[in-house]
Structure formats: C-alpha cells, structure tokens
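Visitor: Chains as they are written, first to last, in the numbering used here: chain L, 911 to 1318; chain D, 191 to 699; chain W, 55 to 373.
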Amino acid sequence: MATTVAAPPAAGGVTRSRPEWLERAVGQGLALLLAVVIALALGSVIIILYGENPIDVYETILRSATTAKDGPAWVLAAATPLIFSALAVSICFKGGLFNIGVEGQYLVAMTTAAWAALHLGGVLPGPLLMWGVLLFGMLGGMAYAAVPGALKVKTGAHEVVTTIMMNGIAVSLVAYALNHPLRYTNAPVGQNVDLRTNIFPANAKVPDLGHVFGFGPAPRFSWLFPIAVVAALIVWFIVKRMRLGYEARAVGASAGSAQAGGISIGSVQMKLFLISGALAGLVGMQQILVNNASTSTGGYLPQNYEATLGFTGIAVAFLGQNNPIGIVFAAIFWAALSRGESILPIETNMPREFVIILQGILIMSVVITYTLAKRRLDRRQTGRVIAEEEAIEMQQPEPPPTIQEVTA
Amino acid sequence: MSDTDGAGSGSSPPLVVLEHVTKRFPGVVANDDVSLELRAGEVHALIGENGAGKSTLMRVLYGMYPADEGRFLIRGEEVKIHSPRDAIARGIGMVHQHFVLVDPFTVAENVVLGDEGGLVLDEDGSEQKVRDLADAYGFQIDPHAVVEDLSVGEEQRVEILKALYRGVDILILDEPTAVLTPAESSDLFENLRRLRADGKSIVFISHKLDEVLEIADRITVLRRGVVVGETTPAETSKAKLAEMMVGRPVLFRLEKPQVEIGEAVLRLEDLVGGRLHQLSLEVRAGEIVGVAGVEGNGQRDLADAIMGLQPLDGGHVILEGRDLASQTTAEIRNAGVGFVPEDRHEQGLVLGMTIWENSVLGRQDDAPFVKRGVLSLRTIKELAKKLVKLFDVRARSIDVTAGALSGGNQQKLILARELETDPKLLLAAQPTRGLDVGAIEFVWREILDQKAAGRGVLLISAELDEIYALSDRILTLYEGRITGEYPPDAPPEDVGRGMLGDVAMQGTG
Amino acid sequence: MSKLGFAVSIAFTYFTIIYLTGIGGLFSERSGIVNIGLEGLMIIGTVTGSFGAYYFGAKLGWGVPAGPIMGLLLGMACGAAFASIHALATVTFKIDHIVSGVVINLVAVGLARFLSTIFFGQATQSDPGQPHLHVISIPLLSKIPQFGVAFQGLSPFVLFPFLIVFPVWWVLNRTRWGLRLRSAGENPEATRAVGVAVAPLRWEAVLLSGAFAGLSGAFLSVEIVNNWREGQTLGLGFIALAALILSNWNPVRLMGAAFLFGFAQAIPLALRDWPIIRSIPEQFVNMTPYVVTIVVLAGFIGKVRPPAAAGKAYEGTTT
C-alpha cells in the first residue's frame, strides 16, 4: 500500500471531533434501520399481492403486541426463552464458534431439570427446589454442550454438523426419558396415559410475575424474564470486561495472533461451549416450570414440547448483531412480530405464515446490511487514519539522518 | 559485459507508452502523473522503495486496476485495458511477487489455465506444448510435475511460461528475486537475457540496486508515486539511485553499539520437527544473531518452535539454562521472550480489535491488567497510550482499529508491545517486511537498543541488507538446519553459498 | 438375510438422497463456497416437489408420469432459485459462508411453511394421494434368494446417481469449466491472474448445489414418502456434508460414503430385531445415523484435504 503525499487537510485541522466509538455506533444504527426498512418494504410487496394494505397489516401486528389484551405480557414472555437462546448462540459466535445445538442442549436440560424437580424435593426444601431445578437445567445443557466442544477441541470436528447431530440424538434421549425413567406414573386411574412426566411439586416452579402488572396468567410472564435480562447483562460483562471475553474475541477474530499471544485456543473454546450450554439450558425452563392457565397445568415435561427455540435464537442473535443488549431488544421485537401471527388471519387476508416470511426477510436483510456497513465503516476509518498520519507527517519535519552515509 | 547492448536505445520506437497515468486509492495517490516508455529487446528496471507505486503502476498497465487519469499506447495506438485478459490479448504479461499458482495442479495445467484451447481438456497435447515452449527458451521444467513439489525457482519459471504461452511481447516481473537464492537469480538473469535477445520487452521491478545495475538497460526511479529520475547503469551508482529513491542520503550501515557479550540467553539443540532437521544455534546476551535464508527453508518453523506454537519431535529449547520443553506459549512469554512475528496479521495483531486491546495481547494473564479475571481497562489504556507515545505510532486515538493502521505503524505497535515487557530474548522474524525506509530505520534502532541493553536478539530475515546491518554473527539456514556461520564482514557470496547449503558445516574465516 | 436385503433397499433410497445433495455440495465447495445450507435447499425441494407432483399429476396423458417428473424438476428449479440467495450473499457480498448457510436454513423452514399454505392450504403437511413413479425391481439382482429384496420395490430414480457419477467426474476433471472451477476453489487469485473470472464460476457452482439439493429433496417427498411433511429432511443435508468430508470431495468416493450413511439410516428402520440391536432400547437405536455421522467427522477431519480456498472470502474485485 503506498504511503504517499495526500493533499493536507483544509484549514490545518488535524482531527475530527467525533470519537471512534460514536462513529461506529451511528453507522451500525443506521445499517440496522436500513435493514428493517428494506424488510418492511419487501414485505409490503407480498402484502400488496394478497390485496391488502401494508399499513393496515403492520398496524395490526403492532397492535397485537401493544394494546391488545395481554399483548405486552405475551410478547415479554415469548421473548424470554429467545433471549437465553440468542445469548447462548452469540457467546459462542464471539469466539468464532457456531453453536447450532441449542435445541438439543435445552431438550436435555429440560430432562435433567425434570428429574431434579421430581427427585430432589426431599433434599431441597422450599424455594431452594426451584433454584436447584434451574441449576440442574443449566448443568444438563452444559454437559450436553461439552460433547461437541470436546470433539471440536480434540479432533477439530466442525461444530455445525456435530451440534446438529446432537440435536437429533437429544430428541431420542428425551423420548427415552419420557418412556422410562421419567414416565408418567401418577395418571389418574382409567385415564388415557399421555407421554409425559409426573407433575412437579409446586415449589419447583417459577412464580408468575404477570399479576404484579395486571396481566393474566395465560401468557406465562414470570420471573424468568428479569432473570433473562440479568443474564444478558452478565454476558455483556463477560464479553467486554472479563479476560475470557477478551480471549474469546481474539480467538474469534484472529486465532493465530491469539495463540502467539499465549492464549490457549482449546481452553477458550471449551469454556465458551460450557457457558453457552448453561444458557441454552435455561431456554426450556419457561415451558416446564411456569404455570400456563390455557394448557391444563404447567409444571411437567410434555411430549409435545416446543422445539424450535434453538433455531429462532440464532435468528435473534443475528438480529441483535450479537450484542447482549441488542439481543434483548431483538428478542422482544421478534416476539412482537410473532404475536401478530394469531391475529393476522382473523383481521386480514394474510395467512399467519406471512410473519414467518417477514422474519426471514428481516434476518437476511440484517445480515447483509450489517456486514456491508461494517466493511464500509472499516474502510472509512482506515481512510481517516491514513489522512491523519499524513497530516502529522507534514507538520513534523523529517529528522536529519544521524547515521553516516557509507559509500556504496 | 554486453548487458546494455540490447536494441540501441532510441533506434527502435517504443513498444508501450504510458502517458500521465494517475491512480488514486482512498487516502493516497499511488501514481501521480507518471509517464514511461518501454522498448522491445530491452530490460527496463522500475525501482523505488516500498510504497513508491511501482507495483501499482504495472498493475494498472496489466488491467488489474483502472487508471484514474492518463492513457496507454501500444505500438503507437491508444488502447484501453480493462482486465488482465485484455492486457494479455495485447501482449502484456505479468509475473507477480507472490506467485499465483494452483498447488495441486500440474505445471501444464497451470500454464494453460484460462487458455485451454477448447471445452474439453487435452492433457497430453498441453504438456507437449509446454515442453516445446520451455525448450525454446532453455527453461528447465517438467510439465507433468505438480506445482506443490517444485522449488521456488521452478515455480517462477512456470509463471514466466504462463506469460510466454500467451505470446506476450512485454513481460513484467515484480520483485522476481525476492525469493531466490543468488544462484537461482543468476539462472533467472540468463533466461531474461535470452528473452531480451528474442526481442521481448522486460520490466524489472525491484528495490535491489545491485541486481538492477547488473541486468537493466534503463532505470526509472519512482518515489511516492512520482517519477524522480531516469537513467542507465552506466550513468549512475548504487548510492545515487538510493538517494533518488529516498530523497535523502540513505544509511547502509548503522553504528553498532559496543557491548560486552555475556552468557548464552538462548540455546537451541538439535531441533527436529516440521521443516527443522537438527537445528542448533546459540544467542548470547548483548548479541544480535542474524539467521539468513531464502524463504521456505524453515524460518517460520524455527520461530514457531521457539514460541511453543509448533510441536517438536526432538531437541531442546533452552532459555537462560531452563529447558522450555512442553511449556505453553504463555509460559514461554513469561519466561522472558518477546516475539515480533513475520506475519503481523496472522500472528501479531488482532486486526479487528482496537489499539488498546492489542496492547495487552500477551499479557492478558498478568496483574495489573487483569484482576480476578476482570480486565482493568484503565491500566490497559494507560499502557496503550504509553506505547503509542514512546514508539510514535501514528493514530489519533487508541480506539482506532488496528487494521486501519499502516503497515509501519502496525509493526511499531507490535514492537512496542513486545519490548515493553523487557524480554531477555527478542525473536524478530522479517521485522521490516513491507515497511518504508523511515519505519525500517526505526525498527533497526530499536533492535540495536536491545543489544545495547544487554539483551539477546535472534533476527530471522530474508533481506541480506538487514542481516548485514544488524548482526554480530550471521548464520545461514537451509532446509531446516544451520549450514554456516559468518562474521559480519563476510563477503555476500560466501553467505549466499551457505544459504544454498553449498558448504561444509563451518563458516569461512 | 432378507432383513438385511430389506435394509439395503432402504439404504439405497437414502443413499440417493445423500449422494445427490452431496454432489451439490461438492460443486459448491470445490469452487470455494462452503454451503451448509444444503438442508434448507432440500427443504425447498421437498415442498415444491410435492406441489409439482400434485399439480401435474392429473395433467398430461400418454402414460407419461407427468406428476412425479414435474415434481422432481420443479424441486430442482426451486432449489437453484433459492440457492441464488446464498450465491448473492457469499460471492457478491462476501458474507461469511457459514453465516449465510445458517440463514438459508432458517429461512427455508419458514418459507416452506408459507409455500405450504399457498399450495396445500395447511402449514405443515400436504394432502394424501400424491402420485409417484412406478416402483421397479432390478432384473437379475432381485432374483437373488433372500438378499434379492434389496433390489425390489425401488424407485427408478435410485439409478440416477449411478448414471451421473461418471459424467460428474468427467466434467470436473476433463473439461475446461471443471479445471477453472477447481482452480477457483484452490486459488482464486491465480484464477483471476490468468483472466478467468471467479465470481461467475462460483455462482454457477452454488446454483448447481441448489439444483441438486432441491432435486434430492423432491425425490424424498415425491418418491419416498409420497407426501410433504415439515421436518422430513431429518438432517440429511448435514449428513451429506459429513459424507462429502469423508469422501474427500471426490464424486466417486462419495458413492461409498453416501451408502455408508444411507445404511446407518436404514438400521433403525429395518434391523431393529437383529441380535444385539434387539437389546438396545428403541430410542437409542434411532440415534444411529447421528452417532455414525459424529464418529465419522471426529475420526476423519485431519485426514482429508478440502479445497484450499473454500470458506475464505476472496477480496479481489468481483469479476
């Protein structure tokens, strides 16, 4: 690259007034905005093809999340597992790892948590049981994530494929658990036996938080939401302020330089998988530990557990630009869109699947604009730095050579 | 010598003319109103220091970048060149500094790629054509050989054949001797003379003034994107060329501080692993040991082995009496080794991180930068400011991403960071690669300061100028072992032979 | 023995799916673009293939099984179309290949549901009664006592991999396009330096990968299951990736690798009553394909050589 004379900056000023981090933040914010606008625009095309008015449709979705009955509660409750899931994905991603196995990790976690709920009642009295159950959930997720982690570190097996395979295995593991060790033994006589566990003791469950705000119990808004926000803050702290986060980012950005700097790549990767697994473990807790008035009772592990939260977590992580705070907002935004699914077909001509398409377009648009914006910001920063370097050189005269010349 | 005896200058019309060519990149003007003429049957050298714009100019001619201003004439006719394909079609070929060959393919496949002569490949036919072409110019090469197995000199011949296969009249060579041993360079010059006799026009981009004076018919000097002079070998000298290149008198030798040499700081005994075969050497306190060798003979493996980045199959690395076997890289660093790697992007800095984040790389386990697993941002940023100030890293703030810095500033940052830890041994591999003279001077001074402070320095470099300027003892590296030891005033031919493994296991007096 | 034969016949069908998807991945990766979105491309193939079979089932006469064939073709075309997103992201915009692949997989699931509501009026499955090609039995081989079951009752499309293995090998190694493609995957700089544009080659390769994966998915929904159902791809797109690695990106060796994984799929379906397998709880037997994949990946990663430039963004200009 040529470092040559550029025209000196006008008026002799050397520096611009905005600090670097602000430049970046503004640039990224604009990129996100652009992505959302593009997605809404493309969505509008589809809406028009259905013969509807885009404004109406978007307004309906917005209304369902905000002013409709229990809308906000539903949205925050739906966002909760997404926050855990996206945090799990993003912490691995910081280190350059793709944990697609959040699905399997939370299935196993639900199973270990169920076991704890059903068997540790004697050991952990009162409110301790709930914490114990949550802990067992996290441990289950960690243990399950340790497998692809170890494979990656010891053999280099690519975690994308191994974690997906682990997801498949997890489904069978849960099925096994529901059929044998954890099966439903307390079914009332004469009733059809579902495939599920027994009901957990009451003190294993996470208390509802909705009543504090005047929400009904139906949306399952519980203490897990604030726990999720706290988790996001903890992840932020780890990534930005702790050595592990620093090492992870170095490994993710330039493994060779990290290694030359004394960082142990394998050790960092393993730790990331474990933390990620622990977070993944909390994804399923809302399903099994929170009462939901609309589906008989909560408090047990059913056969028809919800099984797409892992993949949705990846989408939310991308939408939140892999930033813990961004993820909280992205999860809420995503849940708000999803809330529209049930209302849309009632009030408009649009099928509920339109929301899914909109979400898909949104992810693609965010990924592309964010990457392009980052590149552009990098280039501009380089340009600024070089221009300033030139300016400094112009202002300082070159030092006279103090070394004697030797004839050729 | 009849080197300047090509077609008499002035008697043949120019083959290629560049008129007022300007090329800009963000933040720099790489070529500024450059005009140049190339003639048939001539070797035209284009010289300048790193970043002068010589490669860029030729890449513009070759269609890799569009010119912002200016025009090109070929055989008197104005042409527009939009891509390498265009350039080749017009008879211009280029051999880059870093070869662009497909390793798993054969020589023939590499030569015909892009000009295969039909939808279906004709393996035997291609190989025969390549064989014929090589014979015509006296190139020694086997068309059936796989490129991965070839030596660097042979790879270069493949690159030249690629151009000849397409019938080029103008051949541009970008720093062709950077990766060759003296003997291979000789072979290359032979081949170039044959091509010149055949009427080809050759552009020889280089910063090696001795070679330029040997092979060129005419020399054009670029500095900071501008043509500062045009001359012939008869009319000039190495010193004059250097002065034109840099704009001020240039040092060729620094004053080395006189220091008493102490005990061995580093001892390597019979290292085996990767490309290393029984490598042994010693560096003592207050001494700079220069390891000279052509790239690809184990330099990277040597550095990686010392730093614990590459496992060893045998041998010992001993630092101040302590055997470093099976120590982690972090432990080795803590024991007092500073590392300036040959690839600053792959092993030196994390380009995506800021200057201050990079400042603490290598010390992220140490107090006061880290307490109980939490980073102490204030302490780290103070360190960063200190480094930037001391080493004059040119950036307006420590929040700038390392990737935005120029090569010279990146290298300064790495050097600052490593030297700040007061290492007992500094391991510097190709420390001035890609830097301009100002930065080179800076780096050399810092290395000499280490010597003055009584530290040991192991310098690995492919630039003989650098080796000669800094070393107290010169070692040559060939095929993973040390083949010779020379004093700092040894004639370059001797060192060159050592670099080829052409000697018995002891240096000349 | 006839159980084994039955298992082999099932293996053949999964072999076909894995091989075709794998070939798609092979072209893409040899050109330098990593494509982990094969699963998503297959999903698109399943839903559109199913639709094609229904829609064209009743049309056209002359004994030509229009439905299934159109289903296969439609799946192929839609797979290629969907893959253009991956091509745009990775080749033109130089997005990280894995990230783009993950996005493709995510969006495919939602898109499939959406298309399903349009095609079939319901989100997660199609109606019964989907036409398919008449099954055949391989002459001679199907007459083998006991084991001959392996060659009976197969969809004729199972022969397709055998038909294409040599042409694929030939195109890759004996044509100009193949040489340039491989060159783009090994060293895009070198390719550009001789004036060959890298981006069009990679686009072509990625579209091909979509075509093959889509075709494979259509085969699954049209011929095997005779129905579209959400989730029917069972991770086969990822298993195909593992097969590709095992085969060292070689179309001939891919046959063996695909059959191995195909057989792993067959074990829980056909060999449940075999000794040893009998005593393992059924849920664990169901894990066989996944476990086999992991074991293969863990064991073979160090021993294979992917195309040198696969996965690295080529920072040159976009030609």
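Backbone N, C-alpha and C define an ideal beta-carbon position, used for all residues, glycine too.
Taking the alpha carbon of V936(L) as the point to measure from, which residue in P1037(L), K1284(L), G1014(L), F1123(L) has its own alpha carbon closest?
Guide: Reading the first sequence from its first residue, position 26 is the one you call residue 936(L). If we check each option's Cα against that of V936(L), K1284(L) comes out closest.
Visitor: Mind pulling the chain B residues with CB within less than 8 angstroms of Y1086(L)?
Guide: In the displayed structure, chain B is absent; the protein chains listed are L, D and W.
Visitor: Under the assumption that S661(D) contacts G480(D) (Cβ atoms under 8 angstroms), give the Cβ distance between them as a whole number of angstroms.
Guide: On the second sequence, position 471 is the one that residue 661(D) refers to. On the second sequence, position 290 is the one that residue 480(D) refers to. Yes, S661(D) and G480(D) are in contact; Cβ-Cβ is about 3 angstroms, under 8 angstroms.
Visitor: Taking C-beta pairs closer than 7 angstroms, name the residues in chain L that Y344(W) reaches, listed in chain order.
Guide: Reading the third sequence from its first residue, position 290 is the one you call residue 344(W). Residues of chain L passing the Cβ test: M1075, G1078, I1079.
Visitor: The alpha helix (DSSP H) with G121(W) in it runs from where to where?
Guide: Residue mapping note: residue 121(W) aligns to position 67 of the third sequence, counting from 1. Run containing G121(W): 120–141, per the alpha helix (DSSP H) assignment.
Visitor: For the stretch 1155–1186 of chain L, which residues have a CB atom closer than 7 angstroms to at least one CB atom of chain W, in sequence order?
Guide: none
Visitor: Just the chain L side, please: which residues come within less than 8 angstroms of A585(D) by C-beta, in chain order?
Guide: Numbered from 1 along the second sequence, position 395 holds the residue referred to as residue 585(D). What A585(D) touches in chain L: V1295, E1298, E1299.
Visitor: Do T1021(L) and A1087(L) have their C-beta atoms within less than 9 angstroms of each other?
Guide: Counting from 1 along the first sequence, the entry for residue 1021(L) is found at position 111. Counting from 1 along the first sequence, the entry for residue 1087(L) is found at position 177. In contact: T1021(L) and A1087(L) (Cβ atoms closer than 9 angstroms).
Visitor: Quick one: using the 10 Å Cβ neighbour count with 16 as the cut-off for buried, is T246(D) buried or exposed?
Guide: Looking up residue 246(D) in the second sequence gives position 56. So T246(D) counts as buried.
Visitor: Provide the residue(s) that pair with F262(D) in DSSP beta bridges, ordered along the chain.
Guide: Residue mapping note: residue 262(D) aligns to position 72 of the second sequence, counting from 1. In DSSP, F262(D) forms a bridge with L208(D), V269(D).
Visitor: At what residues does the alpha helix (DSSP H) containing S270(W) begin and finish?
Guide: On the third sequence, residue 270(W) is found 216 positions in, with the first residue counted as 1. Looking at the DSSP string, the run of the alpha helix (DSSP H) that includes S270(W) is 252–273.
Visitor: Using the three-state DSSP reduction, which class does I1010(L) fall into: helix, strand or coil?
Guide: For the purposes of this step, residue 1010(L) is taken as the residue at position 100 of the first sequence. Here I1010(L) sits in coil by DSSP.
Visitor: Find the nearest neighbour of L95(W) within the set L80(W), F105(W), G129(W), judged by alpha-carbon distance.
Guide: Counting from one through the third sequence, the residue named residue 95(W) turns up at place 41. If we check each option's Cα against that of L95(W), G129(W) comes out closest.
Visitor: Please state whether the Cβ-Cβ distance between G1051(L) and A1190(L) is less than 9 angstroms.
Guide: Here the question's residue 1051(L) lines up with position 141 in the first sequence. Here the question's residue 1190(L) lines up with position 280 in the first sequence. Yes, they are a contact pair.
Visitor: What residues in its chain sit with their C-beta under 8 angstroms from that of D966(L), if we drop five residues either side in the sequence?
Guide: Taking the first residue of the first sequence as position 1, residue 966(L) is located at position 56. So the qualifying residues of the chain are T1258.
Visitor: Taking Cβ-Cβ distances shorter than 9 angstroms, what residues in chain L pair up with D223(D)?
Guide: Within the second sequence, residue 223(D) is the residue found at index 33, counting from 1. By Cβ distance, chain L contributes nothing, its closest Cβ being about 12 angstroms from D223(D), past 9 angstroms.
Visitor: On the DSSP bridge list, what partners appear for Q179(W)?
Guide: Taking the third sequence and counting its residues from 1, the one referred to as residue 179(W) is at position 125. Beta bridge pairing from DSSP links Q179(W) with R283(W).
Visitor: Spell out whether any CB of chain L is found under 9 angstroms from the CB atom of A578(D).
Guide: The residue you call residue 578(D) lines up with position 388 of the second sequence. Just to set this straight, residue 578(D) is Val in the shown sequence, not Ala. Chain L, which has no Cβ nearer than 9 angstroms to the Cβ of V578(D), makes this no.
Visitor: Counting only beta-carbon separations shorter than 9 angstroms, does M341(W) have a partner in chain L?
Guide: Taking the first residue of the third sequence as position 1, residue 341(W) is located at position 287. Yes, M341(W) lies at the interface with chain L (some Cβ there is under 9 angstroms from its Cβ).
Visitor: Helix, strand or coil for H186(W), going by three-state DSSP, please let me know.
Guide: Residue 186(W) sits at position 132 when you count from the first residue of the third sequence. Coil at H186(W), not helix or strand.
Visitor: For V1225(L), would you say it is in contact with chain W, using Cβ-to-Cβ distances shorter than 9 angstroms as the test?
Guide: Translated into the one-based positions of the first sequence, residue 1225(L) becomes position 315. One point to set straight first is that residue 1225(L) is Ala, not Val, in the sequence displayed. Yes, A1225(L) lies at the interface with chain W (some Cβ there is under 9 angstroms from its Cβ).
Visitor: Please list the terminal residues of the continuous beta strand (DSSP E) segment that includes R663(D).
Guide: Taking the first residue of the second sequence as position 1, residue 663(D) is located at position 473. Per DSSP, R663(D) belongs to the beta strand (DSSP E) from 663–668.
Visitor: Taking the straight line between their C-alpha atoms, what separation do you get for N302(W) and A143(W)?
Guide: If you number the third sequence from 1, residue 302(W) lands on position 248. If you number the third sequence from 1, residue 143(W) lands on position 89. Taking the straight line from one Cα to the other gives about 26 angstroms.
Visitor: Could you tell me whether the Cβ of L233(W) comes closer than 9 angstroms to any Cβ of chain D?
Guide: Working through the third sequence from its first residue, we reach residue 233(W) at position 179. So yes, L233(W) belongs to the interface.
Visitor: Could you name the residues of the same chain whose beta carbon sits closer than 6 angstroms to that of G243(D), not counting the 5 residues immediately before and after it, in chain order?
Guide: In the second sequence, residue 243(D) corresponds to position 53, counting from 1. Contacts found: A220, N221, L412, G415.
Visitor: For L466(D), which residues does DSSP report across the bridge?
Guide: What you label residue 466(D) is simply residue 276 of the second sequence in a count that begins at 1. In the DSSP output, where bridge partners are listed per residue, L466(D) has G463(D).
Visitor: Please state the DSSP three-state secondary structure of G646(D).
Guide: By 1-based counting over the second sequence, the position of residue 646(D) is 456. Note: G646(D) maps to strand in three-state DSSP.
Visitor: Distance check for V1012(L) and A311(W), CA to CA, integer angstroms please.
Guide: By one-based count along the third sequence, residue 311(W) stands at place 257. By one-based count along the first sequence, residue 1012(L) stands at place 102. In a straight line, the C-alpha of A311(W) is about 28 angstroms away from that of V1012(L).
Visitor: Mind checking if K1115(L) is an interface residue toward chain W, Cβ cutoff 9 angstroms exclusive?
Guide: Here residue 1115(L) refers to the residue found at position 205 of the first sequence. It does not; no Cβ of chain W falls within 9 angstroms.
Visitor: Determine the DSSP secondary structure at I282(D), reduced to helix, strand or coil.
Guide: Start at 1 with the first residue of the second sequence, and residue 282(D) comes out as number 92. Correct three-state label for I282(D): strand.
Visitor: What's the C-alpha gap between C132(W) and R1130(L)?
Guide: The residue labelled residue 132(W) in the question sits at position 78 within the third sequence. The residue labelled residue 1130(L) in the question sits at position 220 within the first sequence. One Cα belongs to C132(W), the other to R1130(L), and the distance between them is close to 40 angstroms.
Visitor: Kindly identify the DSSP beta-bridge partner or partners of R229(D).
Guide: Reading the second sequence from its first residue, position 39 is the one you call residue 229(D). Looking at the DSSP assignment, R229(D) forms a beta bridge with P204(D).
Visitor: Specify the secondary structure class of I198(W) as computed by DSSP and reduced to three states.
Guide: Looking up residue 198(W) in the third sequence gives position 144. If DSSP states are grouped into helix, strand and coil, I198(W) belongs with coil.
Visitor: If you measure from the beta carbon of I1267(L) to each beta carbon in chain D, is any gap under 9 angstroms?
Guide: Reading the first sequence from its first residue, position 357 is the one you call residue 1267(L). The beta carbon of I1267(L) sits no closer than 9 angstroms to any beta carbon of chain D.
Visitor: Which term fits A1225(L), buried or exposed, when burial requires 16 or more other beta carbons within 10 angstroms of its beta carbon?
Guide: Here residue 1225(L) corresponds to residue number 315 of the first sequence, with the count starting at 1. Burial call: buried.
Visitor: Apply the 10 Å Cβ neighbour rule to P361(W) and answer buried if 16 or more other Cβ atoms are within range, or exposed otherwise.
Guide: What you label residue 361(W) is simply residue 307 of the third sequence in a count that begins at 1. Answer is buried; the Cβ neighbour count reaches 16.
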